[in-house]
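Below is one structure, written out as structure tokens; the observations come after it.
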Amino acid sequence: MQMPEPDARVLSRKAEIVARLREVLPADAVIDDEAETRAYECDALTAYRCPPLCAVLPASTEEVSAVLTICHEEGVPVVPRGSGTSLAGGALPTADSVILGVARMNEVLETDYENRFIRVQTGRTNLSVTGAVEEEDFFYAPDPSSQLACAIAGNIAMNSGGAHCLKYGVTTNNLLGVTMVLMDGTVIELGGAHLDPGGLDLLGLVCGSEGQLGVVTEATLRILRKPEGARPVLIAFNSNEVAGECVSDIIKAGVLPVAIEFMDRPCIVACEAFAKAGYPDCEALLIVEVEGSEAEIAEQLGLITQIARRHDPVELREAQDADEAGRIWLGRKSAFGAMGQINDYMCLDGTIPVSALPQVLRRISELSREIGLEVANVFHAGDGNMHPLILFNANQPGELEKCEALGAEILKLCVEVGGCLTGEHGVGIEKRDLMSVQYAPADLEAQMAVKDVFDPGWLLNPAKVFPLAVSEARRAVAAE
Ligand SMILES: Cc1cc2nc3c(=O)[nH]c(=O)nc-3n(C[C@H](O)[C@H](O)[C@H](O)COP(=O)(O)OP(=O)(O)OC[C@H]3O[C@@H](n4cnc5c(N)ncnc54)[C@H](O)[C@@H]3O)c2cc1C
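For what it's worth, the working numbering labels the leading residue of the sequence shown as -5, then goes sequentially.
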């Protein structure tokens, strides 16, 4: 993966820049020791690494503003970072950049149950937002599988989703407002505690902007009442395509489960070995969850199992109690960890129309055979958000490049069938050079014009989202 040449002028001024940052932050919030900066050299896309110039850990919006003011004056690139779980290399530093981590900003600032919102600092982890309101029977809906670790900051930047987003929508559907600091240190407020504040929808623009427009420091999030009950059913099949057809039929029938998750054999085997969830011996399985009152659950599950039976399942297992429901989810929730234990992998994130699932799964198997790398599939099937995991050996020369080539083919396939490059993980560095497969030059130009307005010097999160050659040219013009 090509990265830009670091700015020699910034590298040569490291000591002065660090000294200025120490004037506005506590001593332990500026990390410039080379060994310690290694902790920030990559995110969850570990194939690509580069230690930053230094890392800073501010604790408030004011401190973030002070850091950005200095970096702006010094012409230093800044890479915002939440918990570093991005699978797209979104938080990968460049050698001349300051990593701005929001991990210390994890306070709950306000909770309003009557008006159903919570305001938090964005370093707070996703799961601990629900943790803060569950005693009152509320929850925060977007639930990335990384929710124990990932921060609301990263969720907003990537517009993250999760298993239950089929019903509740992704981050953008649950975000009401943000406080954001622009690259020159200016603090702005977008949205608020109310629905649709009027004016231009800049909040919509910021959600999913991958740290390109500003550093989000506080967020107002919609919280929801917990449903009366929920129940998953596990449906096992002897073919990926048939499982795909079943998903397509469930969606076509107009039932709206809260989640439809898909796993294929390589994934099932890895999860069984890792989590011992009791999954059957089969080629593919679906976990379909519905929620509501007992009567609503029974009605929806009745319809779903009726559709599933038409596809001749090997097993249909409806959870009988909370324990069994937990076991059904256990394997799926630990899927990435389970795969990581046995192989290096790269996790893709293309989205396709649900009706194209059988065709796309078939073509992925063909591509996997042609290029000679195994692919395991685990994904949010209900909304067509695929996560093919390409298995490779990072220690074998040439395998990473083969993996990148297969990944590119699969993502192009997603675009070809009417889908897109990314459903929830973002573009980052991983897909930046494929953006012209999805967007015409004028479309990309419109997106870059937005960046020109928010970050005219192109200092925020360099080398991400836009094809490298194009963004570097833009950065050079901005620097003149
Ligand atoms: C095991 C595993 C499972 C996962 N499952 C899912 C899943 O189900 N659904 C899903 O959507 N994703 C999933 N992910 C991907 C990842 O967890 C999400 O993208 C998450 O939102 C990243 O959050 P983070 O705090 O770790 O962000 P980081 O990785 O630190 O950063 C991600 C991006 O956000 C930007 N950013 C960070 N903080 C700020 C800020 N304050 N202001 C502006 N920009 C900022 C960064 O520059 C970067 O571009 C998974 C990852 C792993 C490792």
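Don't be surprised by glycine CBs; every beta carbon is placed ideally from N, CA and C.
In this model, His381 and Tyr339 are separated by some 11 Å (Cα to Cα). For Asp106, the pairing in a beta bridge is given by DSSP as Phe111. The C-alpha of Met(-3) lies about 45 Å from the C-alpha of Lys220.
Judged by DSSP secondary structure, Pro435 falls within the alpha helix (DSSP H) whose first and last residues are Pro435 to Phe448. Closest option to Val123, judged by alpha-carbon separation, among Glu212, Pro71, Gly95 and Thr40: Glu212. In the structure shown, Met257 falls within a strand segment according to DSSP collapsed to helix, strand and coil.
Proximity to Leu355 across Glu309, Pro307, Glu239 and Pro456 peaks at Glu239, based on C-alpha coordinates. Within its own chain, the residues whose Cβ lies closer than 7 Å to the Cβ of Leu184, once the five positions on either side in sequence are excluded, are Gly171, Val172, Met174, Leu196, Leu197 and Val200, listed in chain order. Distances between the C-beta of Leu342 and the heavy atoms of ligand 1 are all 7 Å or more. Across the structure, Asn232 and Cys276 are spaced so that their CA atoms are roughly 5 Å apart. Proximity of the beta carbon of Thr116 to ligand 1 is indicated: a heavy atom of the ligand is located closer than 7 Å. The closest heavy atom of ligand 1 lies less than 7 Å from the beta carbon of Lys458.
Secondary structure at Asp275: coil, using DSSP grouped into helix, strand and coil. Proximity to Gly83 across Met442, Val421 and Leu453 peaks at Val421, based on C-alpha coordinates.
Looking at the DSSP output, Leu228 sits in a beta bridge with Ile281 and Arg311.
Within the model, the alpha-carbon separation for Ser203 versus Val164 is close to 14 Å. The beta carbons of Ala147 and Pro74 sit closer together than 8 Å.
Taking a cut-off of 8 Å for Cβ pairs, the stretch 5 to 18 and the stretch 61 to 68 touch, as three or more such pairs fall below it.
In the three-state scheme derived from DSSP, where H, G and I count as helix and E and B as strand, Phe132 is classed as strand.
Nearest Cα to Gln141 within the set Lys445, Glu68, Ser77 and Ser287: Ser77.
Taking the CA atoms as reference points, Cys414 sits about 14 Å from Leu351. In this structure, His419 has its CB closer than 7 Å to one or more heavy atoms of ligand 1. Around the beta carbon of Ser287, fewer than 16 other beta carbons sit within 10 angstroms, so the residue counts as exposed.
In terms of CA proximity to Thr214, Ile112 leads the group Arg225, Glu403 and Ile112. For Met257 and Ser359, the gap between their C-alpha atoms comes out near 14 Å. Scanning the stretch 48 to 89 from its first residue to its last, the whole beta strand (DSSP E) runs of 3-plus residues come out as 48 to 50 and 72 to 75. Shortest gap from the CB of Asn168 to any heavy atom of ligand 1: 7 Å or more. Distance check between Leu367 and each of His374, Gly378 and Ala388 places Ala388 closest, using alpha-carbon atoms only. Rounded to whole angstroms, the separation of the alpha carbons of Arg43 and Arg426 is 17 Å. Between the stretch 427 to 444 and the stretch 33 to 53, the count of C-beta pairs closer than 8 Å stays below three; the two stretches do not touch. In the DSSP annotation of this structure, Asn389 is not part of any alpha helix (DSSP H), being labelled neither H nor E. DSSP, reduced to helix, strand and coil, places Met99 outside both helices and strands of the structure shown, so it counts as coil. Val227 is not a Cβ neighbour of Leu324, given a cutoff of 8 Å.
Following the DSSP letters along the chain, one finds Tyr162 in no beta strand (DSSP E) but inside the alpha helix (DSSP H) bounded by residues Cys159 to Tyr162.
Contact between the stretch 283 to 297 and the stretch 243 to 257 is established, with three or more Cβ pairs separated by less than 8 Å. Membership of Gly185 in the beta strand (DSSP E) is indicated by the continuous run Val181 to Gly185.
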